[in-house]
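Colleague:
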Amino acid sequence: MKRIRTRLKKSDKVKVIAGKDKGKEGNVISFVPEKDRVIVEGVNVIKKHVKASETTKGGIVEKEAPIHISNVMLVCPHCNKPTRIGVKFLESGEKVRYCKKCGETI
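As structure tokens, then:
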């Protein structure tokens, strides 16, 4: 299985472009790299039945489930639109991400 190389990072604001939560926005909480998935805040919320233990209370817990990385797109903080991400090097040699729509660095 081929891995998808992503340019997303934790706490990036993303928009869901496919699936049952299409159109929702949220911040990236974490990655599941071996399955090419991300967990986005407030997106793909499921109900999980949890058994009580000594430290936690049992019941039905709502939590975010992973969503495939190809179904999310970064929202540019400058133009506030979903965009692809490019990478370029500055004169100082620093590697930065940039918005393919407006050209601003992210």
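Be aware that the sequence shown starts at 1, since it is given in full-length UniProt numbering, and climbs by one per residue.
Even for Gly, the Cβ is constructed at its ideal location relative to N, Cα and C.
None of these values were measured; they are calculated from a predicted model.
Looking only at C-alpha atoms, which of Ile46, Leu74 and Ser30 sits nearest to Gly23?
Modeller: Leu74
Colleague: Arg5: buried (16+ other C-beta within 10 angstroms of its C-beta) or exposed?
Modeller: exposed
Colleague: According to DSSP, is Asn71 part of a helix, a strand, or is it coil?
Modeller: It is helical.
Colleague: With distances taken from CA atoms, which of Ile39, Val72, Val61 and Lys101 is nearest Ala18?
Modeller: Val72
Colleague: Can you give the Cα-Cα distance for Lys81 and Thr55, rounded to whole angstroms?
Modeller: Their backbone Cα atoms lie some 43 angstroms apart in a straight line.
Colleague: Compute the Euclidean distance between the alpha carbons of Ile46 and Pro77, then round it to the nearest angstrom.
Modeller: 28 angstroms
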